[in-house]
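The structure appears below as structure tokens.
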Amino acid sequence: MTMSLEHFKICRHRPAPPPGRPFGRCQMVGALADANIARLLLFAAGLLFLGPPVLAGSWDQPPVGVDEVRRAPVKQTIPVIGRLIAPRTGVVATRIGGPVAEMLMKVGERVEKGQVIAALVPDSLHWKRQLQKADTAGKEAALKTAKAELALKKQELKRMARLRKSAAFSEARHDDKRVEVTMAESAVAEARSDLQSARADLKLAEINLNNAQIRAPYGGVVSKHHTEAGAYLSVGEAVVTLIDDKNLEIEANVPAERLAALGPGISVTFELDGKAPLSATVRAMVPEENPLTRTRTVRFTPRFDGVTDNLAANQSVTLRLPLGQARDAVTVHKDAVLNRMGRTVVFVVNGNAAEIRPVKLGEAVGGRFEVLDGLKLGDLVVVRGNERLLSGQKVTIKGAS
């Protein structure tokens, strides 16, 4: 049966015959064309999935990276939403009263421990210290005078005692002199006490003057101003709010039935904004349960591994908490897994050729998958350069992944 191209185009647009009537010439040509198209599609699918050995063997041997199928501990996990917590955050208050001279740090600026955040007007505090210094100097002079008076009284008592065997000795005057020595000793003690009190007042004046400069109790970021220059602050009033964002922890409300697999020191993984998993350790489990949600608060110590940019208090994280004890399982590298024609496959290196193999996978284990079927321990799978491989194609192993 022969037909021209023009006749074939016309036949394609003619309707099918009614039921019960035989196919005409046009319908037979259309059926043959559809069958040929179906054969071509099946042939192309075979090339994509299996890759004919003759064609694959004729290609160059591309370099590939491989990884060994091995055992790894597998933990079933559940996702729990947590948040970053700053253990040290709160209001920095003034320790003395006085007018605010200036606010030295703006909102959002970072401060180090001991750095001045704000300053009070120091004039009156400065002169109070000067007054106490003068008073202390006076008390020191008074003590010296009392000591000199005591020394003089003791010397007179000794002279009188040497006259005890002479006719000029008077027992009454000797007793009076002993009383005077005792009084002089008391005067020295009183002067010494006054000096100690004056020195303490001077120290307090110096502390108050130093406290006129309000310093950061720890390093962090200023998140809020509570006052401005010109305002008068009483003792204990708030100046700024400070957040220590360099020592963040993770807090999560964990369902009570999931706490059995947790405990201090247990390692878990977490994710920040969908990035690569990081690790954290359980620091504490708060022994108080929320009766409405049946959850308990758990604190984790994260290891950010250098990821410190854009971290903030109350930022959400996704924790992967274990459901039970870990078990060993056969695992394959994630980069080895491909999807071909809706099937999960890997390329296994056998000798110097890569053979495609369907696999059945289970839980994800970090950068690997649990293998349920299709692979065995020790198999070498292609993890680099596997996207364009054909089954049976010869390869050159570049190195272990």
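Its first residue numbered 664, the sequence shown is counted upward by one per residue in the working numbering.
A virtual CB, placed ideally from N, CA and C, is assigned to each residue, including glycine.
Just so you know, these numbers come straight off a predicted model, no measurement behind them.
From the DSSP output, in three-state form, read off residue i for me.
i     : result
S667  : Confidence is the limiting factor: at S667 the pLDDT is only 47, short of 50, which leaves the residue's position unreliable, though a coordinate-based value still follows. If DSSP states are grouped into helix, strand and coil, S667 belongs with coil.
N1133 : The first residue shown for the chain is 664 and the last is 1064, placing residue 1133 beyond what the model contains.
H888  : strand
G720  : Because the pLDDT at G720 is just 46, under 50, the model does not fix this residue reliably, and the point stays unresolved.
M766  : strand
R773  : strand
E929  : The residue asked about is misnamed: residue 929 is Ile in this sequence, not Glu. Coil.
L747  : strand
S942  : strand
Q1056 : strand
T752  : strand
R878  : strand
S979  : strand
D857  : helix
M1004 : coil
T799  : helix
E1050 : coil
V784  : coil
R827  : coil
P1021 : strand
A923  : helix
A894  : coil
N873  : helix
Going by beta carbon distance, what residues of the same chain come within less than 7 Å of residue i, once the five residues before and after it are set aside?
i     : result
I1060 : V727, V729 and V1012
K1057 : G720, Q724, N1015 and A1016
G714  : Residue placement at G714 is poorly supported in this model, since its pLDDT is 48, which falls under 50; the coordinates are not used for a value here.
V743  : A915, V917, L982 and L984
G1048 : P725, P726, V727 and G728
E848  : L813
K887  : V770, V903 and T904
S897  : G760
N1002 : none
Shortest alpha-carbon distance to residue i belongs to which of the options?
i     : options                     : result
Q859  : L984, K796 and K1039        : K796
K769  : K866, L905 and S787         : L905
N977  : P750, P725, P736 and P742   : P750
T958  : A989, I1019, E914 and P965  : E914
R1020 : A1027, G1030 and D1042      : D1042
G899  : E843, G801 and I877         : I877
V1089 : D998, E912 and T757         : This structure cannot settle anything about residue 1089, because the visible part of the chain is limited to 664 through 1064.
E765  : R773, S886 and G893         : G893
A947  : P940, T956, F963 and D936   : F963
P940  : A875, H888, G1029 and M1004 : G1029
G1005 : V1022, D998, L896 and R990  : V1022
D857  : A800, S942, F933 and L922   : A800
K802  : L865, R773 and V784         : L865
K776  : Q739, V784, A824 and V884   : V884
Y881  : I741, V754, T956 and A830   : V754
L788  : I870, Y895, L1038 and P954  : I870
D936  : V1009, S930, R990 and D972  : D972
D968  : F832, K938 and R990         : K938
From the DSSP secondary-structure annotation, give me the bridge partner or partners of residue i.
i     : result
Q778  : Per DSSP, none; premise fails for Q778.
L984  : I741
I759  : Answer is none; I759 lacks a bridge partner.
K997  : The partner list for K997 (beta bridge, DSSP) is empty, contrary to what the question assumes.
V903  : V755 and H888
V1045 : V729
N916  : T960
V1028 : R1031
P736  : D991
R966  : S942
With the cut-off set at 8 Å, would you say residue i and residue j are in Cβ contact?
i    : j     : result
D908 : A975  : yes
K840 : E819  : yes
V737 : V1034 : no
K807 : V844  : no
P927 : V949  : no
D798 : A863  : no
Q778 : A879  : yes
A999 : V961  : no
R966 : A943  : yes
L747 : L911  : yes
V980 : E1018 : no
L872 : P785  : yes
Taking 6 Å as the limit between beta carbons, can you name the residues of its chain near residue i, skipping five residues before and five after?
i     : result
A868  : K791, R792 and Q795
A809  : A850, V851 and A854
M691  : Confidence in M691 is poor, its pLDDT being 48 and thus under 50, which makes the residue's placement unreliable; the coordinate value appears in the next sentence. Answer for M691: no residue qualifies.
H996  : D730, R1031 and V1046
E1050 : none
Would residue i pass as an interface residue toward chain B - the criterion being a Cβ-Cβ separation below 8 Å?
i    : result
V931 : The structure shown contains no chain B; it is built from a single protein chain.
In its own chain, which residues sit with a C-beta less than 8 Å from the C-beta of residue i, not counting the 5 before and 5 after it?
i     : result
A924  : L984, P985, L986, G987 and Q988
L1040 : V732, R733, R734 and V993
R827  : H837
E952  : A919, T958 and R959
D1036 : V1022 and K1023
H889  : V754, E900, A901, V902, V903 and T904
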